[in-house]
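**Q** Numbering-wise, the sequence shown is residues 15 to 171 according to the working numbering. C-beta atoms are modelled at their ideal positions from N, C-alpha and C, and glycine is treated no differently.
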Amino acid sequence: GGITLNGALDVSAKFNLQLLQGGAGAFTSTGQTLTVGAKALTINVGGAASLGVIATAGSTVQVTGSSVTLGGAVGSATDTTTLTSTAGSITGAGAVTANNLTLSATGGNVGALTTLVGNNLSANATGSINLSNTGNLASSTMSATSPSVEPYLDHPE
15 GGITLNGALD VSAKFNLQLL QGGAGAFTST GQTLTVGAKA LTINVGGAAS LGVIATAGST
75 VQVTGSSVTL GGAVGSATDT TTLTSTAGSI TGAGAVTANN LTLSATGGNV GALTTLVGNN
135 LSANATGSIN LSNTGNLASS TMSATSPSVE PYLDHPE
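If you want it as structure tokens, here you go:
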């Protein structure tokens, strides 16, 4: 079981959206656009979360899955975004844009990801962290517990 978005979905003028799936159920929106505008978005699944484009405008975005894969651009410059992998990595070709971004990968790595964060960036991983940030960060916190891999953050000074 799981949740699959088979076409574009726009809830920006309607309501906050929660997509919940227990057990090993996954969420997949790869190749699709989910538009929430300023509405809150919560995706919490026991399986993998594979994301397409998530279009926002000052939203709170929370995505939790056993792993998180970004297949499209996620967020806007005024968002507060949290991506959590409970058993694997946070990866993908999609860029994450947010004012405040928290990345947590228990049992895996963060990256290589491109981020555009305007204010606060926090990343925690059991493995490695590899981020390329093009925003002007006010603050950042990195924590990688793998002894052989150091966190990496590249952003303009």
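Could you give the residue range of the beta strand (DSSP E) that holds Q46?
**A** Careful: Q46 lies outside any beta strand (DSSP E) and carries neither H nor E.
**Q** Compute the Euclidean distance between the alpha carbons of V110 and G36, then round it to the nearest angstrom.
**A** 25 Å
**Q** Could you tell me the alpha carbon to alpha carbon distance between L31 and A158, rounded to whole angstroms?
**A** 32 Å
**Q** Applying the 10 Å Cβ sphere with the 16-neighbour rule, what's the burial state of F29?
**A** With fewer than 16 Cβ atoms within 10 Å of its Cβ, F29 is classed as exposed.
**Q** Starting from V25, follow its DSSP beta bridges and name the residues at the other end.
**A** Partner(s): none; V25 has no beta bridge.
**Q** Can you list, in chain order, the residues of its chain whose CB lies under 7 Å from that of G132, leaving out five sequence neighbours each side?
**A** A91, N113, G149, N150
**Q** Just checking my contact of G60 with A87 at CB under 8 Å: how many whole Å lie between their CB atoms?
**A** Not a contact, Cβ separation roughly 25 Å.
**Q** Between I68 and G85, which are expected to be in contact by the criterion C-beta below 8 Å, what is the C-beta distance as a whole number of angstroms?
**A** Contact doesn't hold; Cβ gap of about 10 Å is too wide.
**Q** Buried or exposed: which applies to T155, given that a residue is buried once 16 or more other Cβ atoms fall within 10 Å of its Cβ?
**A** exposed
**Q** According to DSSP, simplified to helix, strand and coil, what is A101?
**A** coil
**Q** With a threshold of 16 other CB atoms inside 10 Å of the CB of A139, please say whether the residue is buried or exposed.
**A** By the neighbour-count rule (16 or more Cβ atoms within 10 Å), A139 is buried.
**Q** Pick out whichever of L23, S118, G45 has its Cα sitting closest to the Cα of A76.
**A** The question names Ala, but residue 76 is Gln in the sequence shown. The shortest C-alpha separation from Q76 is found at S118.
**Q** Near A54, which residues of its chain fall below 7 Å by C-beta distance, leaving aside the five closest residues on each side in sequence?
**A** N30, S73, T74
**Q** For T105, count neighbouring Cβ atoms within 10 angstroms of its own Cβ and tell me buried if that reaches 16, exposed if not.
**A** Flag for T105 reads buried.
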